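This report concerns only the one structure given below.
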Amino acid sequence: MPQNYDEYARRIRGYAQFAEVNEYARVVEGGVEYPLFRLTTPGDRWLVITSGFHGEEPAGPLTLCHYFPDIVAYARERGVGLRVYPCINPSGFVDGTRYNRGGEKPNNDFMRYEVAPGEWKGELTRDEPFLRWALYEGGPKETRAVRSDIARYPAPAAALDIHQDNYLPDPATYAYTFGDKAAYRPFMKAASAHAQVIRNEKVDEVNRTDPDGLIEYHDGSVTDYFTRLGVPYATALETTTRTPLEACHAINLIWIRGFIDLAARGSGST
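Below, the structure is given as structure tokens:
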């Protein structure tokens with residue numbers, strides 16, 4: 081679903097009363113220049129929220145835009161600082177397309193794995209051994225911009241990346257998670273009131289959910305990157321694009337509040 085990024089940017093800038101609003105970069109797609117935003121609020125421990133890597137997945141950027149004051153209030157009550165990157169792929173957001181206007185894929189290019197001397201790959205099969213990992217210096221301009229900004233800061237206490245699944249045919253939710261799965265089960269239970277949880281089913285040609293609707297997959301994404309940095313709680317949340325927007329908002333907010341709580345109780349740098 082195409083969106084109006086000028087209006088989106090206006091609303092984000094309007095949150096200067098709640099957070100420090102920065103343009104961490106600008107990108108040009110199809111001759112149009114788009115600002116990329118980071119919203120920061122202070123705290124004792126930190127949560128990083130990213131969203132909008134894929135343009136046809138609008139629910140995450142819209143949740144962060146519509147409910148940002150409520151999210152800030154919840155975080156402040158718990159002493160949690162926020163670094164929020166609300167819409168990473170603005171041209172895709174405007175066009176309603178998965179990739180940016182140039183056809184680049186701004187999602188899985190944070191890092192690469194060396195699986196044999198001189199042999200690098202972006203995704204690992206289950207339990208595949210590797211020699212080392214490294215930040216990937218290539219990839220789309222949007223990925224390079226947000227990766228560079230994220231890498232400026234110490235690892236947070238928790239990291240949440242908000243996505244949608246544009247392939248499954250029904251209203252549903254599941255998540256790619258790292259860390260203690262017990263921490264995530266209450267969020268998925270609460271989310272089940274708003275959409276079906278995909279349990280013990282394949283979601284693509286590679287991944288199958290467990291009984292809790294969770295998947296662990298090292299795919300070179302921002303979530304994978306935070307995990308390799310030692311962040312104890314890192315998740316990529318999925319709702320399907322067939323899920324009504326209000327249900328997506330409810331599920332996204334369950335996980336956002338949950339991750340604020342995890343950051344508040346966990347360990348992390350400032």
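Using the working numbering, you'd call the opening residue of the sequence shown number 81 and step up by one each time.
Even glycine gets a Cβ: it sits at the ideal position worked out from N, Cα and C.
Please read all numbers here as calculations on a predicted model, not as lab measurements.
Host beta strand (DSSP E) of residue i (start-end)
| i | result |
| --- | --- |
| LYS201 | 199-201 |
| GLU194 | 191-196 |
| VAL286 | That residue, VAL286, is in no beta strand (DSSP E); it is neither H nor E in DSSP. |
| ILE129 | 125-131 |
| LEU404 | Outside the modelled stretch of the chain, which goes from 81 to 350, sits residue 404, for which no answer is possible. |
Residues of its chain near residue i, where Cβ-Cβ distance is below 8 Å and the 5 sequence neighbours each way are ignored
| i | result |
| --- | --- |
| GLY310 | ALA235 |
| LEU248 | ILE278, VAL283, THR320, ARG322 |
| GLY161 | THR120, THR121, PRO122, GLY123, ASP124, ARG125, TRP126, LEU127, ALA155, THR350 |
| ALA231 | LEU215 |
| LEU300 | According to the sequence as given, residue 300 is Gly; it is not Leu. Here the set comprises ASN188, ASP189, PHE190, MET191, ARG192, TYR193, GLY202, GLU203, TYR216. |
| ALA99 | LEU119, THR120, THR121, PHE148, VAL152, LEU162, VAL164 |
Paired residues, beta bridge with residue i - DSSP
| i | result |
| --- | --- |
| GLU113 | VAL108 |
| GLU318 | HIS243, TYR254 |
| ILE336 | DSSP, once it has assigned bridges, lists no residue as partnering ILE336. |
| THR120 | GLU100, ARG163 |
| VAL277 | THR253 |
| ILE295 | TYR256 |
| TYR85 | Per DSSP, none; premise fails for TYR85. |
| ALA238 | LEU127, TYR313 |
6 Å CB neighbourhood of residue i in its chain, flanking five on each side removed
| i | result |
| --- | --- |
| ASP229 | TYR104 |
| SER171 | GLU109, ASN180, ARG181 |
| ASN246 | GLU136, THR321 |
| TYR216 | ASP189, MET191, ARG192 |
| GLY348 | The pLDDT assigned to GLY348 is 41, lower than 50, so where the model puts this residue is not dependable; a value taken from the coordinates is nonetheless given after this. Same-chain partners within the cutoff: ARG125, TRP126, PRO236, ALA237. |
| TYR264 | THR257 |
| PHE306 | ALA239, ALA314 |
| CYS328 | ALA139, THR319 |
| LEU317 | ILE242, ALA255, TRP335 |
| HIS274 | ALA327, ALA330, ILE331 |
| ASP304 | HIS298 |
| GLY219 | ASP189 |
| ASN287 | ILE295, TYR297 |
| ASN169 | GLY132, PHE133, GLY135, ASN180, PRO186, GLU222 |
Host alpha helix (DSSP H) of residue i (start-end)
| i | result |
| --- | --- |
| GLY161 | Premise fails: GLY161 lies in the beta strand (DSSP E), 160-165, not in any alpha helix (DSSP H). |
| LEU142 | 139-146 |
| THR177 | It is not in any alpha helix (DSSP H) - THR177 carries neither H nor E in the DSSP assignment. |
| SER228 | 221-230 |
| PRO186 | Counting along the chain, PRO186 falls outside any alpha helix (DSSP H), and DSSP gives it neither H nor E. |
| ARG265 | 265-271 |
| TYR305 | 302-308 |
Whole-number beta carbon distance between residue j and residue i, since they are thought to touch under 8 Å
| i | j | result |
| --- | --- | --- |
| ALA344 | GLY94 | Not confirmed; about 27 Å, so no contact. |
| ALA314 | GLN276 | The Cβ separation is near 24 Å, so there is no contact. |
| ARG337 | TYR154 | 6 Å |
| PHE117 | VAL107 | Actually they are not in contact, since the Cβ atoms of PHE117 and VAL107 sit about 12 Å apart, beyond 8 Å. |
Close beta carbons around residue i, own chain, < 7 Å, minus the five adjacent residues each side
| i | result |
| --- | --- |
| THR177 | GLY135, GLU136 |
| ALA214 | MET191, ARG192 |
| GLN97 | none |
| GLU285 | none |
| ARG91 | CYS145 |
| ASP250 | GLN276, THR320, ARG322 |
| LEU204 | TYR193, PHE210, HIS298 |
| GLU267 | First, the amino acid is wrong: residue 267 is Phe here, not Glu. Once the five neighbours on either side are set aside, the close Cβ partners of PHE267 are ILE334, TRP335, GLY338. |
| VAL174 | PRO82, GLN83, TYR85 |
| GLU281 | ARG288, THR289 |
Quiz prompt | At least three beta-carbon pairs within less than 8 Å, the stretch 203-223 to the stretch 175-191 | solution = Yes: at least three Cβ pairs fall under 8 Å.
Quiz item: Does the count of Cβ pairs from the stretch 237-251 and the stretch 292-300 closer than 8 Å reach three?
Solution: Verdict: no, contact absent.
Quiz item: Are the stretch 121-138 and the stretch 158-167 touching by the rule of at least three beta carbon pairs closer than 8 Å?
Solution: These segments touch.
Self-check item: the stretch 326-335 / the stretch 141-152 touching (three or more Cβ pairs under 8 Å)
Solution: Touching, per the Cβ criterion.
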